[in-house]
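Notes follow the structure.
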Amino acid sequence: MARKMVVAAAQLGPIRRKELRSQVVDRMIVLIEQAHALGGSFVVFPEMALTTFFPRWLIDDEDEIAGFFERELPGPDTQPLFDAAAGLGVGFYLGFCEEVVEGGTRRRYNSSVLVDGLGSMIGKYRKVHLPGNATYDPSLRLQHLEPWYFEPGNLGFPVFEMLDARLGMLICNDRRWPEPYRVLGLQGVELVCVGFNSPAELPDHPLQNGLRTLHHLAPMQAGAYQNGTWIIASAKAGPEEGFDMMGHSCIVSPSGEVVATSSTLGDELVPYEIDLDLTREYKSFFDFATYRRPECYGLITERKEAGPPIGS
Ligand code: CDT
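Residue 741 in this note's numbering sits at position 154 of the sequence shown, and the numbers go up by one each step.
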């Protein structure tokens, strides 16, 4: 018996630094309505879907910084999104900037949530792999200051039951690392949701330019195949405040194939009918219970890196 459903990446084009939440939410509601019109039951919005990608700047105005963070979700500005989605029975993944008080201390995370088709919050994830620098580095042509604004996520890589399936969440840079997929895979994940904000070019790493799409897709294709899971990845794309962001929102099958891709750098729905039961073909093909050898993988959790290369 197939578990088929229409899902979509809900890509967003650029968001201006001064854009109001209500303007962004209106754009997101249009995408939810489009998904519903196509029979869709779930969409994935990008990382930091409610704001511009502000970690590209070292901002010293604390009021402006605070304005990028959500202290409640849904809050007054985001309630219309939750209401519209629940009214149409469409669930969603939403990337946002989270501010909480934990143990009497204010903490800020780059986070995402899963919301079901009734508007209920099913789960939360906080980005583990925060790329870039914790301080402004004048030698760099492109600043990326996530460690300045956020603490590393402290929730691990949880899996949640929703859509009659097991869902996991990653955020942008997480998708480039093998470990998150495996940790989700070992919890039986069937659908991984990824929101991202990725520069179209890396001026400080010119050898990688021209390979940006490959380096976006290859880890997800491997992660999907090696763990027998669907992946939906959604970009904040296009020229945002003078910085070009890559698109290529996509849906990846448990076969490792990219089965749907965005074609613009603006707000765009990328729908596809997935069959969650296809995960079983690949999970049973690998037959992890029989063939995995955890006793040989100890270095994965014991070591962070290989040490200096030969001859250095
Ligand atoms: N948002 C995010 O994680 N972006 C990173 C860019 C890193 S460039 C310093 C990415 O992996 O796409």
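Every residue gets a Cβ at the ideal spot worked out from N, C-alpha and C, and that includes glycine. Given the structure is predicted, the values throughout are model-derived calculations rather than measurements.
In this structure, residue 815 sits away from residue 768, with a CB-CB distance that is not shorter than 8 Å. Nearest Cα to residue 696 within the set 732, 791, 883, 864: 732.
Distance between residue 656 and residue 860, taken at the CA atoms: about 34 Å.
DSSP links residue 696 through a beta bridge to 685. Using a Cβ-Cβ distance cut-off of 8 Å, the stretch 630 to 640 and the stretch 777 to 795 are in contact, since at least three pairs of beta carbons, one from each stretch, lie closer than that value. Between residue 842 and residue 812 the beta-carbon gap is near 7 Å, inside 8 Å, which marks them as a contact. For residue 641, the shortest separation between its Cβ and any heavy atom of the ligand CDT does not lie below 7 Å.
The three-state secondary structure of residue 609, taken from DSSP, is helix.
For the pair residue 854 and residue 627, the CB atoms are not nearer than the 8 Å cut-off. Judged by DSSP secondary structure, residue 735 falls within the alpha helix (DSSP H) whose first and last residues are 733 to 736. When rounded, the separation of the alpha-carbon atoms in residue 670 and residue 609 is 13 Å. Relative to the ligand CDT, residue 760 has its C-beta within less than 7 Å of a heavy atom. Looking only at 723, 622, 762, the smallest Cα-Cα distance to residue 804 is reached by 762. Using a Cβ-Cβ distance cut-off of 8 Å, the stretch 715 to 723 and the stretch 590 to 605 are not in contact, since fewer than three pairs of beta carbons, one from each stretch, lie closer than that value. Taking non-hydrogen atoms of the ligand CDT into account, the C-beta of residue 796 is found less than 7 Å away from none of them. Assigned with DSSP and collapsed to three states, residue 824 falls in coil, not helix or strand. By the Cβ rule, the stretch 750 to 761 counts as touching the stretch 699 to 714, because three or more pairs are nearer than 8 Å.
By the Cβ test, the stretch 642 to 656 is not in contact with the stretch 881 to 895, since fewer than three Cβ pairs between them sit closer than 8 Å. If you compare the alpha carbons of 799, 895, 773 with that of residue 873, the shortest gap goes to 773. DSSP places residue 858 inside the beta strand (DSSP E), whose first and last residues are 855 to 862. Taken in chain order, the complete beta strand (DSSP E) segments of 3 or more residues contained in the stretch 785 to 839 are 817 to 822, 825 to 827, 830 to 832, 837 to 839.
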